[in-house]
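2 protein chains.
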Amino acid sequence: MRMLIVEDEAQLRLQLAQHFSEAGWVVEEAADGPEALYMGSEHPYDLAVVDVGLPGVSGVEVVRQWREQGNTFPVLILTARGDWQDKVEGLEAGADDYVTKPFHLPEVQARINALHRRSAGLASDRVSFGPITLDLAARTVAVDGVALDLTTFEYNTLEYLATRAGTVVSKTELTEHLYDQDFDRDSNVIEVFIGRLRKKIDPQNTLKPIKTVRGAGYRFVLDGSR
Amino acid sequence: MRMLIVEDEAQLRLQLAQHFSEAGWVVEEAADGPEALYMGSEHPYDLAVVDVGLPGVSGVEVVRQWREQGNTFPVLILTARGDWQDKVEGLEAGADDYVTKPFHLPEVQARINALHRRSAGLASDRVSFGPITLDLAARTVAVDGVALDLTTFEYNTLEYLATRAGTVVSKTELTEHLYDQDFDRDSNVIEVFIGRLRKKIDPQNTLKPIKTVRGAGYRFVLDGSR
DNA sequence: TTTTTCGTTCAGTTTGCATTCATGTTTACG
DNA sequence: CGTAAACATGAATGCAAACTGAACGAAAAA
Numbered sequence: 003m004r005m006l007i008v009e010d011e012a013q014l015r016l017q018l019a020q021h022f023s024e025a026g027w028v029v030e031e032a033a034d035g036p037e038a039l040y041m042g043s044e045h046p047y048d049l050a051v052v053d054v055g056l057p058g059v060s061g062v063e064v065v066r067q068w069r070e071q072g073n074t075f076p077v078l079i080l081t082a083r084g085d086w087q088d089k090v091e092g093l094e095a096g097a098d099d100y101v102t103k104p105f106h107l108p109e110v111q112a113r114i115n116a117l118h119r120r121s122a123g124l125a126s127d128r129v130s131f132g133p134i135t136l137d138l139a140a141r142t143v144a145v146d147g148v149a150l151d152l153t154t155f156e157y158n159t160l161e162y163l164a165t166r167a168g169t170v171v172s173k174t175e176l177t178e179h180l181y182d183q184d185f186d187r188d189s190n191v192i193e194v195f196i197g198r199l200r201k202k203i204d205p206q207n208t209l210k211p212i213k214t215v216r217g218a219g220y221r222f223v224l225d226g227s228r
Numbered sequence: 003m004r005m006l007i008v009e010d011e012a013q014l015r016l017q018l019a020q021h022f023s024e025a026g027w028v029v030e031e032a033a034d035g036p037e038a039l040y041m042g043s044e045h046p047y048d049l050a051v052v053d054v055g056l057p058g059v060s061g062v063e064v065v066r067q068w069r070e071q072g073n074t075f076p077v078l079i080l081t082a083r084g085d086w087q088d089k090v091e092g093l094e095a096g097a098d099d100y101v102t103k104p105f106h107l108p109e110v111q112a113r114i115n116a117l118h119r120r121s122a123g124l125a126s127d128r129v130s131f132g133p134i135t136l137d138l139a140a141r142t143v144a145v146d147g148v149a150l151d152l153t154t155f156e157y158n159t160l161e162y163l164a165t166r167a168g169t170v171v172s173k174t175e176l177t178e179h180l181y182d183q184d185f186d187r188d189s190n191v192i193e194v195f196i197g198r199l200r201k202k203i204d205p206q207n208t209l210k211p212i213k214t215v216r217g218a219g220y221r222f223v224l225d226g227s228r
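Here the protein sequences come in this chain order: U and E. Positions 3 to 228 (the working numbering) are the ones given, in order, by the first sequence. Positions 3 to 228 (the working numbering) are the ones given, in order, by the second sequence.
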């Protein structure tokens, strides 16, 4: 999943970026309002963290303009402690949640997990499809109760497909959400990962949870149903 | 584990600091309210000891503000004997336990152990994973009933991983909780300790209790389970 | 003092894994 | 059928992350 971090203070921005990279996100950064506006309108992020106290174009303004452009990804704003007004304005501008600075990473992490989960339309951190269970918080997958040993990208690919189970996901959509902007557009990585996933999830090839929709992409489903 | 001691009286502060250093904690100190507020919001401590009778911003106030910021680490407050009110206010502000001054170190030690254990979500001082058993109070580890000879840091590293068994712990997280703020960020100590731990716990390399999650950190887990 | 213990650094090596490439297989459609 | 495009797959590559053994040096112990 791809996240945009908008924060002018370099140290804090880096700290957040490092943390969420380690947590498995693809992270991009913007240091000021205009940059944030550009990046947010150019790329399909899955989530954004925005400091409202930006120099120049304020964070609230950034969020407002994103929303006016029809951007729907969840936005978490960072407000200075006691700045009641910022918080209210931010939420009115279309932010989904807020955390006051100084904050503790676990708190930000928790709220981001919640936002991300909600935006995927899930009630819980755990999703099951027959014998296949994903734990979004722990980033683990089990088949028939046995944990699978997946690499970061294998897991990312599977999570993206599974949280959109039943719908067709194109290869471009996958690369847009699993890679940052400088991705080689004519690579076949996705095909390779799909292959490896199929082999790891279902070595006997009996479940066939990932169907190919020729010319359109892939669809995660179980059973013969549709 | 990293602890913050907030106490204005230098002699007492030093006594506590020395005691808990020897007990294996990484100890940092604050001498007044503002300093305590700053440090508590800046660093991810695992526990704090706060004297309520601070000049300037009172200890109760410090705890209240920490809690408002979403800080969750356990807090033990020190109150003057007979100062009934302080104790009540402190607990209401979000402290977890109290000790009245003058106190006996063993008592403080015992309460801190209890708080720390509870915050790790453990019911007992003893934790087992298959043949591996840690005794948090005695800071000892045994494999198949045979005691291991671990150094302070080796034990600390193992304890941190084991009390979070099943989840991925990043190297950054480890250094944040096992070292104080002036830690050389591009050191590979953690890797070295992980290596030594693996060798000591499991010389035949059959249990493989510490798994590497490339790019993310380490995960303590036994068998294929979870 | 000398000796030992341990935390830390460093350099060299290994390994995991994302990515590419070449080739094989399926499918749609004329 | 035939053929071209889309997809699958096994092996090869390259690089950064992780591992490791040795050495250093500070502090504790003897």
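Even for Gly, the Cβ is constructed at its ideal location relative to N, Cα and C. Remember, predicted model here, so these are calculated numbers, not experimental data.
With distances taken from CA atoms, which of the options is nearest residue i?
i	options	result
residue 71 of chain E	U:65, U:73, U:80	U:80
residue 217 of chain U	U:179, U:174, U:202, U:187	U:174
residue 21 of chain U	E:116, E:112, E:155, E:170	E:170
residue 36 of chain U	U:9, U:15, U:153	U:9
residue 16 of chain E	E:51, E:151, E:47, E:3	E:51
residue 115 of chain E	E:206, E:25, E:211, E:46	E:25
residue 151 of chain E	E:194, E:182, E:190, E:199	E:199
residue 156 of chain E	E:194, E:134, E:139, E:53	E:194
residue 125 of chain E	E:132, E:139, E:133	E:139
residue 212 of chain E	E:131, E:154, E:84	E:131
residue 110 of chain U	U:144, U:168, U:190, U:53	U:53
residue 11 of chain U	U:55, U:27, U:23, U:86	U:55
residue 180 of chain E	E:167, E:91, E:154, E:205	E:154
residue 168 of chain E	U:57, U:137, U:92	U:137
residue 69 of chain U	U:43, U:23, U:188, U:197	U:43
In chain order, what residues of the same chain have a beta carbon less than 7 Å from the beta carbon of residue i, not counting five sequence neighbours either side?
i	result
residue 142 of chain E	149
residue 41 of chain U	6, 30, 32
residue 185 of chain E	177
residue 47 of chain E	4, 5, 6, 75
residue 145 of chain E	133, 134, 203
residue 99 of chain E	78, 113, 117
residue 172 of chain U	218, 219
DSSP on residue i, reduced to helix/strand/coil?
i	result
residue 157 of chain U	helix
residue 219 of chain E	strand
residue 131 of chain E	strand
residue 9 of chain E	coil
residue 209 of chain U	coil
residue 167 of chain E	coil
residue 50 of chain U	strand
residue 40 of chain U	helix
residue 113 of chain U	helix
residue 98 of chain U	coil
residue 59 of chain E	coil
residue 214 of chain E	strand
residue 93 of chain U	helix
residue 139 of chain U	coil
residue 4 of chain U	strand
residue 19 of chain U	helix
residue 177 of chain U	helix
residue 80 of chain E	strand
Buried or exposed: residue i, going by 16 or more other Cβ atoms within 10 Å of its Cβ?
i	result
residue 13 of chain E	exposed
residue 159 of chain E	buried
residue 228 of chain U	Bear in mind that a pLDDT of 37 at residue 228 of chain U, under 50, signals an unreliable position, so the number given afterwards is only what the model happens to contain. With fewer than 16 other Cβ atoms within 10 Å, it is exposed.
residue 107 of chain E	exposed
residue 113 of chain U	buried
residue 215 of chain U	exposed
residue 90 of chain U	exposed
residue 88 of chain E	buried
residue 92 of chain E	buried
residue 27 of chain E	buried
So, at 8 Å on beta carbons, what are the nonlocal neighbours of residue i in its own chain, with the 5 sequence-adjacent residues on each side left out?
i	result
residue 63 of chain U	35, 95
residue 202 of chain U	150, 151, 152, 156
residue 83 of chain U	102, 103, 104
residue 66 of chain E	95, 96
residue 2 of chain U	Not covered by the structure: residue 2 of chain U. The range shown for chain U is 3 to 228.
residue 23 of chain E	29
For residue i, which residues of its own chain have a beta-carbon under 6 Å away from its beta-carbon, when the five flanking residues on both sides are left out?
i	result
residue 38 of chain E	8, 32, 64
residue 18 of chain E	7
Report whether the distance from the Cβ of residue i to the nearest heavy atom of the ligand FMN is below 7 Å.
i	result
residue 77 of chain E	Within the structure as shown, the ligand FMN is missing, as the structure has no ligands at all.
Mind the definition here: the segment 209-223 of chain U touches the segment 154-167 of chain U only if three or more C-beta pairs lie below 8 Å; say whether that holds.
-> yes
Assess, as a yes-or-no matter, whether the segment 111-125 of chain E is touched by the segment 73-93 of chain E under the definition of 3 or more beta carbon pairs within less than 8 Å.
-> yes
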